[in-house]
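Colleague: Numbering (our numbering), first residue to last: 13 to 451. Glycine included, each C-beta is placed from N, C-alpha and C at the ideal position. For clarity, every value in this text was computed on a predicted model and none was experimentally measured.
Written as structure tokens, this is what we have:
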């Protein structure tokens, strides 16, 4: 008997046991389309893509479809040559702001997913609302985008007014685990662990912080398993000091101009006083910065849209500086891209002016092409693969490959011909589920 059991065990040890999908697994099969997979590879024809429970298991000859699936609902759609690309990722949104925090955030996210944005990184809002919304999406209560949200850290001046003082209604500004004031007595390990406890998986280093404080936040953030995003300059900490500290992303390309200044003020309000008409984007110190970022693959969340958008409101006190910041920022983005810096599509102003409007992520893509010298393919990679890497989801999002989550846009026109065609959406597919955009 013992010999028999040993023989059986030996046979089993040589087998590779592949679990079958559950009997009720949903299968979606897309047929006859042109694929932009998000990796930068050329457009190619695909006869068949199969996803099981939202994960891609086969694309033509790549992967395999499980054979034993007797009871599964199987949906087959012939796309008739349409273009399919990954869902877009916006790496810089703020949806959960006071007042009407939660309800407004859900409306924005639902409008965003109808407009083709299937994942977002919220760079700080009320984590209580964001935690609820992320959990509801993850458990399938409603079909929404993947949500990665952040905890913000800044010096005392950061929390004296403005949006940063409204991230935690009902609490003293700067005391919430997701919106924390840093001072000389801060226990960095403790505050980072508290931030992670909110469900945040990214930290945002905002302003009014010294290089040694940035170093501590970055070190403890990574130790807690979180990604680190910083403003392009964290007054008085320069961009090169942020990169040296090990941050994963820099946000707001116009702020990089302070790398070329001998002295950086410790006043965050100085961000609107950059010398964009005097210091060229190809200043030697800035070229060195782009090389430094490329070597470490630090993502640049350029946010061109928000600066261009300010110009649409003549008479606004911020319009003139924003005009110069946009022109300079577009050129800096072009140079950074040429140097090999990964660029993602963050808007800092995600929602359109109405619930029927497309999310502004499409405008960010367009600005990259029209003002920063990107090809349409490079812009699509920025809005998909690079975005997934920036938010820490590259293992499941950002490209349409076997093993990845099926978040996709079915388009009636080719965005490689005209980047505005990312808005020609026939259908949005989220986690393998169809969201119809028209009858």
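Spatial neighbours of residue 337 within its chain, please: CB distance less than 7 Å, with the 5 preceding and 5 following residues excluded, ordered by chain position.
Modeller: 266, 286, 288, 319
Colleague: Inspect the beta-carbon positions of residue 268 and residue 226 and report whether they are closer than 8 Å.
Modeller: Against a cut-off of 8 Å, the Cβ pair of residue 226 and residue 268 comes out as no contact.
Colleague: Taking residue 241 and residue 135 to be in contact with their CB atoms under 8 Å, please state how far apart those CB atoms are, rounded to whole angstroms.
Modeller: So it is a contact: roughly 6 Å between Cβ atoms.
Colleague: Identify, in the order they occur along the chain, each residue of the same chain with its Cβ nearer than 6 Å to the Cβ of residue 313, setting aside the five sequence neighbours on each side.
Modeller: 103, 104, 261, 263, 356, 358
Colleague: Are the beta-carbon atoms of residue 87 and residue 411 separated by less than 8 Å?
Modeller: no
Colleague: Can you tell me which residues form a DSSP beta bridge with residue 405?
Modeller: Beta-bridge partners of residue 405 (DSSP): none assigned.
Colleague: If we ignore side chains and look at the alpha-carbon of each, how far apart do residue 144 and residue 124 end up?
Modeller: 18 Å
Colleague: Taking the Cβ atom as the reference point for each residue, do residue 97 and residue 371 lie within a distance shorter than 8 Å?
Modeller: no
Colleague: If distances are taken between C-alpha atoms only, which option among 342, 185, 389 comes closest to residue 172?
Modeller: 185
Colleague: I'd like the span of the alpha helix (DSSP H) that includes residue 125, first residue to last.
Modeller: 113-126
Colleague: Exposed or buried, what is residue 444 when buried is set at 16 or more other beta-carbons lying within 10 Å of its beta-carbon?
Modeller: buried
Colleague: What is the residue span of the beta strand (DSSP E) that residue 166 lies within?
Modeller: 158-166
Colleague: Look up residue 41 in the DSSP assignment and give the residues it is bridged to.
Modeller: Note: residue 41 sits in a beta bridge opposite 62, 88.
Colleague: Is residue 153 buried or exposed, if buried means 16 or more other CB atoms sit within 10 Å of its CB?
Modeller: exposed
Colleague: Quick one: residues in its chain with C-beta nearer than 7 Å to the C-beta of residue 203, no 5 flanking neighbours on either side, listed in chain order?
Modeller: 192
Colleague: Does DSSP put residue 447 in a helix, in a strand, or in coil?
Modeller: Three-state DSSP puts residue 447 in a strand.
Colleague: Considering only the alpha carbon of each residue, which of 308, 317, 198 lies closest to residue 360?
Modeller: 317
Colleague: Using a Cβ distance threshold of 8 Å, determine whether the stretch 175-190 contacts the stretch 117-132, with at least three qualifying pairs required.
Modeller: no
Colleague: For residue 435, count the other beta carbons within 10 Å of its own beta carbon; 16 or more makes it buried, fewer makes it exposed. Which is it?
Modeller: buried
Colleague: Start and end of the beta strand (DSSP E) containing residue 193?
Modeller: 191-193
Colleague: I need the straight-line Cα distance from residue 169 to residue 39, nearest angstrom please.
Modeller: CA-to-CA, the gap between residue 169 and residue 39 works out to about 53 Å.
Colleague: For residue 309, does the count of other Cβ atoms within 10 angstroms reach 16, so buried, or fall short, so exposed?
Modeller: Within 10 angstroms of the beta-carbon of residue 309 lie fewer than 16 other beta-carbons, which makes it exposed.
Colleague: Please report the straight-line C-alpha distance between residue 334 and residue 292, rounded to a whole angstrom.
Modeller: 16 Å
Colleague: Going by beta-carbon coordinates alone, are residue 89 and residue 42 separated by less than 8 Å?
Modeller: yes
Colleague: Just how far apart, CA to CA, sit residue 106 and residue 347?
Modeller: Distance between the alpha carbons of residue 106 and residue 347 is about 27 Å.
Colleague: I'd like to know whether the C-beta atoms of residue 342 and residue 379 end up nearer to each other than 8 Å.
Modeller: yes
Colleague: Tell me whether residue 57 sits in a helix, a strand or coil according to DSSP, three-state version.
Modeller: strand
Colleague: So if DSSP puts residue 269 in a beta bridge, which residue, or which two residues, is it bridged to?
Modeller: Its beta-bridge partners do not exist; DSSP assigns none.
Colleague: Looking at C-alpha atoms only, which residue of 201, 208, 395, 283 is the closest neighbour of residue 231?
Modeller: 201
Colleague: Out of 62, 94, 92, 114, point me to the one whose CA is closest to residue 79's CA.
Modeller: 62
Colleague: Locate the beta strand (DSSP E) running through residue 313, then write down its first and last residues.
Modeller: 311-313
Colleague: Could you please give me the residues that DSSP links to residue 214 through a beta bridge?
Modeller: Answer is 162, 239.
Colleague: Look at the alpha carbon of residue 259 and the alpha carbon of residue 151, and state the distance between them as a whole number of angstroms.
Modeller: Residue 259 and residue 151: Cα-Cα distance of roughly 31 Å.
Colleague: According to DSSP, which residues form a beta bridge with residue 261?
Modeller: 241, 311
Colleague: What residue range is occupied by the uninterrupted alpha helix (DSSP H) comprising residue 389?
Modeller: 388-395
Colleague: Please work out which residues of its chain come closer than 7 Å, Cβ to Cβ, to residue 74, disregarding the five sequence neighbours upstream and downstream, and give them in chain order.
Modeller: Around residue 74, the same chain offers 414 as residues with beta carbons nearer than 7 Å, after the five sequence neighbours per side are excluded.
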